[in-house]
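Okay, structure first, notes after.
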Amino acid sequence: MATSSDTRKVIVLIGDGMADRPHPALGGKTPLEAAHTPNMDRIAAEGETGIMDLIAPGVRVGSDTGHLALLGYDPYAVYTGRGPFEALGVGMEVRGGDIAFRCNFSTVDDNMVVLDRRAGRITEGTDQLAAEVNGIFIEDVQVFFKESVAHRGALILRGPGLSPKITDADPHAEGEKVHEVQAIDPDDAAARRTARIVNQFVRLSYEKLKDHPVNRQRIVQGLKPANIILPRGAGIAPTIPDFNTHYNLKGACVAETGLIKGIARFVGLAVLEVPEATGGLDSDVMAMGRKVVEALQEHTFVLCNVKGPDVAAHDHNPQAKVDIIQRIDEMLGWVLTQIDPATTYVVVSADHTTACSYG
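Every number in our numbering is 22 more than the matching position in the sequence shown, counting from 1.
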């Protein structure tokens with residue numbers, strides 16, 4: 023732990039989902055092996071390297087639990103579901119008793135079969151779609167919904183007698199029907215009630231969005247309509263010790279997605295916005311690097327998450343993953359020219375594996 027007289031600073035640069043498996047399209051190399059990364063190579067040669075299991079050997083790690091672990095928290099002790107992080111990350115208030123979800127705008131056919139879980143990675147018009155369901159009531163439960171980056175969104179249910187102990191509506195695969203949400207414990211009345219509310223929300227989202235002008239225009243343009251909202255990752259607001267107090271640091275976060283911003287806010291990191299950072303493969307990674315260096319003027323710890331490697335892998339595109347890794351490396355090289363290595367630690371890591379072969 024840093025002491026009050028310690029002037030050292032820390033940059034933690036995370037390539038989201040950057041770890042991978044060897045891929046035949048890359049000559050049997052992983053994207054990291056195939057990428058030209060002289061600056062990461064320099065850090066590996068001059069610094070310390072290692073392999074870590076963020077939680078435990080054999081335990082699958084997501085961006086949520088991975089970042090909690092990287093920040094020094096035990097996910098088993100503090101993790102209550104992904105939804106609250108997504109909601110806080112897009113600026114929503116998560117109160118005690120609220121149930122929060124992460125969501126996707128998705129594309130389904132008339133039989134509720136999922137054609138595209140990400141609605142063609144929609145980037146425009148989601149604010150108009152979100153307005154159709156935000157603020158409505160289902161029974162005595164108020165619904166709050168806000169769009170996030172690209173196809174993502176966050177949902178909050180606010181009302182009496184709710185529980186996060188339910189299954190997901192999202193089938194997590196194309197070609198499958200939207201799942202009917204159920205209580206994990208059939209004897210849990212609050213969970214049964216919550217599942218019923220969520221199922222009504224999903225059906226209502228389809229009715230409101232299928233003929234929305236945004237989607238009619240997308241169809242005309244040959245794009246996939248974002249005609250349904252699929253919630254998953256139900257959770258309640260967690261209680262997490264303050265990062266800055268625990269480590270005697272003044273922390274900030276430079277990130278693109280609501281999830282990482284939400285985690286940062288929950289643990290007490292200042293979230294610094296970068297308008298050019300889109301969360302996609304078109305993101306201005308160098309602008310994120312400039313914000314990291316700027317943040318070091320006022321902060322002693324900066325977490326920077328670049329989403330692109332994860333996006334490329336989910337799209338089964340190993341070459342795109344190589345390209346974004348190389349852009350991250352270029353940004354890292356510039357950052358290294360702007361800092362004093364004698365007083366600033368630079369940590370480069372992934373938060374989890376997203377394999378291009380699996381998506």
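Yeah, the Cβ is synthetic: ideal placement off N, Cα and C, and Gly gets one too.
{"Check": "Inter-residue spacing [alpha-carbon to alpha-carbon] between A259 and K187", "Outcome": "14 Å"}
{"Check": "Separation of R312 from T25, as counted between CA atoms", "Outcome": "With a pLDDT of only 42 at T25, under 50, the local geometry of the prediction cannot be trusted, and the value read off the model is given with reservation. Cα to Cα, T25 sits roughly 27 Å from R312."}
{"Check": "Beta-carbon proximity check, V224 vs V200, cutoff 9 Å", "Outcome": "yes"}
{"Check": "Extent of the continuous alpha helix (DSSP H) run through G284", "Outcome": "280-289"}
{"Check": "Nearest neighbour of I251, chosen from G301, G84, E169 [CA to CA]", "Outcome": "E169"}
{"Check": "Other residues of its chain near G103: CB distance less than 6 Å, five sequence neighbours each side excluded", "Outcome": "P186, G255, A256, G257"}
{"Check": "Beta-carbon proximity list for A342, same chain, < 7 Å, skipping 5 on both sides", "Outcome": "L303, A334"}
{"Check": "Residues sharing a beta bridge with Y367, DSSP", "Outcome": "V32"}
{"Check": "Under the three-state DSSP convention, the category E295 falls into", "Outcome": "coil"}
{"Check": "DSSP state of S26 mapped onto helix, strand, coil", "Outcome": "Model confidence at S26 stands at a pLDDT of 43, short of 50, so the residue's coordinates are unreliable and nothing is read from them."}
{"Check": "Collapsed DSSP secondary structure at L184 in the structure displayed", "Outcome": "coil"}
{"Check": "Segments assigned alpha helix (DSSP H), at least 4 residues, entirely inside the segment 34-82", "Outcome": "53-56, 60-68"}
{"Check": "Proximity winner among S128, V328, D362, relative to E352 (alpha-carbon distances)", "Outcome": "V328"}
{"Check": "For D190 and T300, the rounded distance between their alpha carbons", "Outcome": "27 Å"}
{"Check": "R238, enclosing beta strand (DSSP E) - first and last residue", "Outcome": "Not the beta strand (DSSP E): R238 falls in the alpha helix (DSSP H), residues 235-242."}
{"Check": "Uninterrupted alpha helix (DSSP H) stretches inside the segment 296-376 (no shorter than 4 residues)", "Outcome": "307-317, 330-336, 340-360"}
{"Check": "Minimum C-alpha distance to E229 - residue among T267, N249, N156, A211", "Outcome": "N249"}
{"Check": "Boundaries (first-last residue) of the alpha helix (DSSP H) holding Q150", "Outcome": "148-153"}
{"Check": "Inter-residue Cα distance where the pair is D210 and F288", "Outcome": "29 Å"}
{"Check": "When I285, V293, R240, D132 are compared against A141, the one with the closest alpha-carbon", "Outcome": "R240"}
{"Check": "Boundaries of the beta strand (DSSP E) in which Q164 is found, first to last residue", "Outcome": "163-169"}
{"Check": "Per-residue burial, V203 [other beta carbons within 10 Å of its own, 16 or more giving buried]", "Outcome": "buried"}
{"Check": "Pairwise C-alpha distance: Y98 and F265", "Outcome": "17 Å"}
{"Check": "At least 3 beta-carbon pairs within less than 8 Å: the segment 366-375 vs the segment 36-44", "Outcome": "yes"}
{"Check": "Anticipated Cβ contact below 8 Å, D93 with Y101, distance rounded", "Outcome": "Sequence inspection shows Leu at residue 93; the Asp mentioned does not correspond to that position. Not confirmed; about 12 Å, so no contact."}
{"Check": "Cβ neighbours of D75 in the same chain (closer than 8 Å, five flanking residues each side left out)", "Outcome": "V81"}
{"Check": "Helix, strand or coil at S128 according to DSSP, with G and I counted as helix", "Outcome": "strand"}
{"Check": "Residue nearest to G127 in terms of C-alpha spacing, selected from V369, L151, Y380, T59", "Outcome": "A small fix is needed here, since residue 127 is Phe in this sequence, not Gly. For F127, the nearest C-alpha among the options comes from L151."}
{"Check": "Cβ shell of A317 (< 7 Å), same chain only, five flanking positions each side left out", "Outcome": "A274, V276, L294, V324"}
{"Check": "Exposed unless 16 or more other CB atoms sit within 10 angstroms - verdict on S27", "Outcome": "Legend: pLDDT at S27 = 45, less than 50; position of this residue unreliable, value from coordinates given subsequently. Counting Cβ neighbours within 10 Å, S27 comes out exposed, since fewer than 16 surround it."}
{"Check": "Extent of the continuous alpha helix (DSSP H) to which P392 belongs", "Outcome": "Past the edges of the chain, shown from 23 to 381, lies residue 392, and the structure says nothing about it."}
{"Check": "Closest by C-alpha distance to Q360, when choosing among Q319, T279, G381", "Outcome": "Q319"}
{"Check": "Contact check, I347 vs A122, beta carbons under 9 Å", "Outcome": "no"}
{"Check": "Three-pair Cβ contact test at 8 Å for the segment 167-184 versus the segment 211-218", "Outcome": "yes"}
{"Check": "Sequence-distant residues of the same chain with beta carbon closer than 6 Å to G111, five excluded per side", "Outcome": "G280, L281, K283, G284"}
{"Check": "For V135, the nearest candidate out of D162, A78, G197 (CA to CA)", "Outcome": "G197"}
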